[in-house]
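Novice:
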Amino acid sequence: MLGICRGRRKFLAASLTVLFVPAITWIYLFAGSFEDGKPVSLSPLESQPHSPRYTASSQRERESLEVRVREVEEENRVLRRQLSLAQGRAPAHRRGNRSRTYSMEEGTGDSESLRAGIVAGNSSECGQQPAVEKCETIHVAIVCAGYNASRDVVTLVKSVLFHRRNPLHFHLIADAIAKQILATLFQTWMVPAVRIDFYDADELKSEVSWIPNKHYSGIYGLMKLVLTKTLPSNLERVIVLDTDITFATDIAELWAVFHKFKGQQVLGLVENQSDWYLGNLWKNHRPWPALGRGYNTGVILLLLDKLRKMKWEQMWRLTAERELMSMLSTSLADQDIFNAVIKQNPFLVYQLPCFWNVQLSDHTRSEQCYRDVSDLKVIHWNSPKKLRVKNKHVEFFRNLYLTFLEYDGNLLRRELFGCPSEADVNSENLQKQLSELDEDDLCYEFRRERFTVHRTHLYFLHYEYEPASDSTDVTLVAQLSMDRLQMLEAICKHWEGPISLALYLSDAEAQQFLRYAQGSEVLMSRHNVGYHIVYKEGQFYPVNLLRNVAMKHISTPYMFLSDIDFLPMYGLYEYLRKSVIQLDLANTKKALIVPAFETLRYRLSFPKSKAELLSMLDMGTLFTFRYHVWTKGHAPTNFAKWRTATTPYRVEWEADFEPYVVVRKDCPEYDRRFVGFGWNKVAHIMELDAQEYEFTVLPNAYMIHMPHAPSFDITKFRSNKQYRICLKTLKEEFQQDMSRHYGFAALKYLTAENNS
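Residue numbers (full-length UniProt numbering): 1 to 756.
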């Protein structure tokens, strides 16, 4: 809760009342005590019943006024008493602090019952709360490992960023997979006043691997125990969160609770809301020792400096060793060990109100943690069922979670006014590049897109693939948007090798894709497909950026640069691996061309051999790709020769040539200045030729383009004259850059363009 809270409003109201009510009352009474310029006595002893001015009416008025004065004076005494009490409760450092502060909820700080904790938490006075300075950095630690946890972290971070008004420093204890995903994500997210540090979770395994753990979190579920050793020695306090947490308030409110710790309190925890540690869930249920219901470790406040002085490492290790002698393993990972330590040392814990960790697992008492939506602070999906958990208000919680899940992360790139951000080289370079552009240029939006940083989430789904040991492996590379999603299953059926796909989606579309993929047996059976989400931003489809993202994240020595609308022939993967050896691609600069064809039929009996394809060509069921609208794009492939060829043959580059090729993974990237429709592949093939790649057509390979509705970008190209003018301008600038970079040899591209 930000700004002036209810208690302070009462404080102000009381002050104003004490000052103004008596004044107004006495002015009224004083004014009413004059008649004809002479004062009228209010004392009954001084009344003059025999005066000619005295009447029964004036007597009644005077008595009424006397009663009102006594009432006002009594009200003033009550208000003064309230004001005095409020002033006595206000801490000295709060008075006179002119900086902006946050008002926070009060915790119990002891082991009272769950309900007592809620009442104490919700009914506290604002004047009792310490302040969080406007630009104070809040430190958050999260243990994250694997592909699914990386997705969960993003939703958690979104909920924190949405409410936050302070700089944040995330300390991520991550394995190699999560680090690769999240490092790229935050680097491309570019959120101001957010710092990310990574700590190698794999290096910490030896610290906890000796503890048997039955919990689904595995070894990573024990790593919160070693945070005092892992995090920087100068870090004094940190909020530790599970990945399945959703914030419904500003995290600064939770950070302020540290000021409530007293004595030897070093752990801030919410009581466990299930009966797990009471040991009555089933017959012979024997949980680890805990204080009462125990505590849940989904949200922890750690006073690191005091924990280190208390020798926390030694404390939890000795406790774990002792308990494991009889318990044999943990059931709830680090939570069991934290509770065993607290059982022996209850003075360590500061009990947080339970709305700081509303635990949505089955059979919990979470519904007692809130009376209204406004009471919610932190939602914890700590059941393996996650969103399918049973709870009376689960629909509300699910909708809140889905809001952040599908929330546009680009909107969270907002500055914290008045708080200086750390210098970011990438951000500064971006601003410099953008400032050099002319905003009055009619092609400004095209040029700007080249420098746009798109938030990127690598390996959105589980990926597991080891390239073939013979160094011949090939990855199919493609890019797509939501309207081409239906091609994925077909491509997976045609290509059994690894695939790297860049998907251009909004946050909401990314979740639709996730549901689509998880509902597909074909896609879920494939673990060698890398799905990389590039989030939407701007008005153009960044086709070459997408290709570059997909190219960059392959694990094989070779790649087949395709498009999502094409189905490769059955067996092409194995054929290309053999061709790589036959044509010595490892030691030569070659681009192997896979001839492209197309059909205008949505339902096609796919040819299973070259002979069958030739027959369909002759019958008019198939055509050479774009022969009727863009002949120059594939004419150099020499389809007439291909019909009878039995061995690979070389072709020369020609203007506007844009074949689909197999190349080594170290080939040049696509030029990002080309967005949407037009020249995006042509420029890349031109650069391959400039770098002296040899174009070789494969005689027994083919791919077929499947029909689809025209893309939005080709529609803009056809209908918008300025679009075509800007594309022509960008093309000319690219050719000039080629001439400067490759010198005399690149002049042929200008000549060829003029002659075409």
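Glycine residues also receive a C-beta, built at the ideal position from the N, C-alpha and C atoms.
1. Roughly how many whole angstroms lie between the Cα atoms of Tyr693 and Gly497?
2. Measuring CA to CA, which of Glu489, His684 and Tyr295 is closest to Pro353?
3. Which partner residues does Gly268 have in the DSSP bridge list?
4. Please classify Glu733 as buried or exposed, where buried requires at least 16 other C-beta atoms within 10 Å of its C-beta.
5. Where does the unbroken alpha helix (DSSP H) through Asn534 begin, and where does it stop?
6. In whole angstroms, what separates the C-alpha of Gly279 from that of Asp244?
7. Enumerate in chain order the residues of its own chain whose CB-to-CB distance from Ala550 is below 7 Å, with the five nearest sequence positions on each side excluded.
8. Relative to the C-alpha of Gly519, which residue among Glu612, Gln486 and Leu505 is closest?
9. Would you call the stretch 538-547 in contact with the stretch 667-674, where contact means no fewer than 3 C-beta pairs closer than 8 Å?
10. Expressed to the nearest angstrom, what Euclidean distance is found between the alpha-carbon atoms of Cys369 and Asp242?
11. Decide if Gly538 is buried, meaning its Cβ has at least 16 other Cβ atoms within 10 Å, or exposed.
12. Measure the C-alpha to C-alpha separation of Ile714 and His708 and round it to an integer number of angstroms.
13. Going along the chain, which residues of its own chain have a beta-carbon closer than 8 Å to the beta-carbon of Pro167, five neighbours each way excluded?
14. Exposed or buried, which one is Gln722 when buried takes at least 16 other CB atoms within 10 Å?
15. Which ranges does the alpha helix (DSSP H) cover as unbroken runs of at least 4 residues, wholly within the stretch 164-202, from first to last along the chain?
16. With DSSP collapsed to three states, give me the class of Cys212.
17. Whole angstroms is fine: what's the gap from Pro557's alpha carbon to Arg577's?
18. Taking C-alpha atoms, which residue in Ser361, Met310 and Trp255 lies nearest to Leu348?
19. Here's the rule I'm using: 16 or more other beta-carbon atoms within 10 Å means buried, otherwise exposed. How should Arg747 be labelled?
20. Since Ala478 sits in a beta bridge, which residues does DSSP pair it with?
21. Classify Ile4: buried if its beta carbon has 16 or more other beta carbons within 10 angstroms, exposed otherwise.
22. In whole angstroms, what separates the C-alpha of Val661 from that of Phe404?
23. Report the rounded CA-to-CA distance for Ser605 versus Leu430, giving the unit in angstroms.
24. Run the CB neighbour count on Thr631, radius 10 Å, all protein chains shown included, and call it buried at 16 or more, exposed below.
25. If we ignore side chains and look at the alpha-carbon of each, how far apart do Gln128 and Tyr199 end up?
26. Run the CB neighbour count on Phe744, radius 10 Å, all protein chains shown included, and call it buried at 16 or more, exposed below.
27. List, from N- to C-terminal side, the alpha helix (DSSP H) runs of 4 residues or more that fit wholly inside the stretch 532-601.
28. In angstroms with no decimal places, state the Cα-to-Cα distance between Glu207 and Phe396.
29. Touch check for the stretch 209-224 and the stretch 326-343: three-plus C-beta pairs under 8 Å?
30. List the whole-angstrom C-beta distance separating Ala645 from Phe625, where the pair is believed to meet the contact cut-off of C-beta under 8 Å.
31. Using only CA atoms, which one of Leu488, Phe460, Trp276 and Met482 lies nearest to His553?
32. Any contact of the stretch 229-243 with the stretch 289-304, i.e. 3+ C-beta pairs under 8 Å?
33. Return the Cβ separation of Ala248 and Leu400 in integer angstroms, given the expectation that the two are a contact with Cβ distance under 8 Å.
34. What did DSSP end up calling Tyr370 once you bin it into helix, strand or coil?
35. In whole angstroms, give me the CA-to-CA distance for Leu688 and Ala201.
36. Per DSSP, which one or two residues make a beta bridge with Val358?
Specialist: In this structure, then:
1. Straight across, the Cα-Cα distance linking Tyr693 with Gly497 is about 25 Å.
2. Tyr295
3. Leu301 and Tyr350
4. Glu733 is exposed by the Cβ-count criterion.
5. It should be noted that the sequence gives Val, not Asn, for residue 534. Premise fails: Val534 lies in the beta strand (DSSP E), Val529 to Tyr535, not in any alpha helix (DSSP H).
6. Between Gly279 and Asp244, the C-alpha separation is close to 25 Å.
7. Val477, Ala478, Gln479, Ser500, Leu501, Ala502 and His532
8. Here the closest residue by C-alpha is Gln486.
9. yes
10. 19 Å
11. exposed
12. 12 Å
13. Cys135, Glu136, Thr137, Ile138, Ala193, Val194, Arg195, Leu416, Cys419 and Ser421
14. exposed
15. 176-189
16. Before going further, note that residue 212 is Pro rather than Cys in the sequence given. Coil, per DSSP.
17. 11 Å
18. Met310
19. The amino acid at residue 747 is misidentified as Arg; the sequence shows Leu. Leu747 comes out exposed.
20. As computed with DSSP, Ala478 is found in a beta bridge with Leu501.
21. The predicted position of Ile4 is uncertain, since its pLDDT is 43 and thus under 50; a value taken from the coordinates is nonetheless stated next. Its Cβ having fewer than 16 others within 10 Å, Ile4 is exposed.
22. 41 Å
23. 50 Å
24. exposed
25. Only weak support is given to the placement of Gln128: the predicted model assigns it a pLDDT of 47, under 50, and the question is left unresolved by the model.
26. Counting the other CB atoms within 10 Å of its CB gives Phe744 a total below 16, which places it among the exposed residues.
27. 543-552 and 572-582
28. 40 Å
29. Flag = yes, the stretch 209-224 and the stretch 326-343 touch.
30. About 17 Å; that fails the 8 Å criterion.
31. Phe460
32. yes
33. Under the criterion of beta carbons closer than 8 Å, Ala248 and Leu400 qualify as touching, at roughly 7 Å.
34. coil
35. 41 Å
36. Ile379
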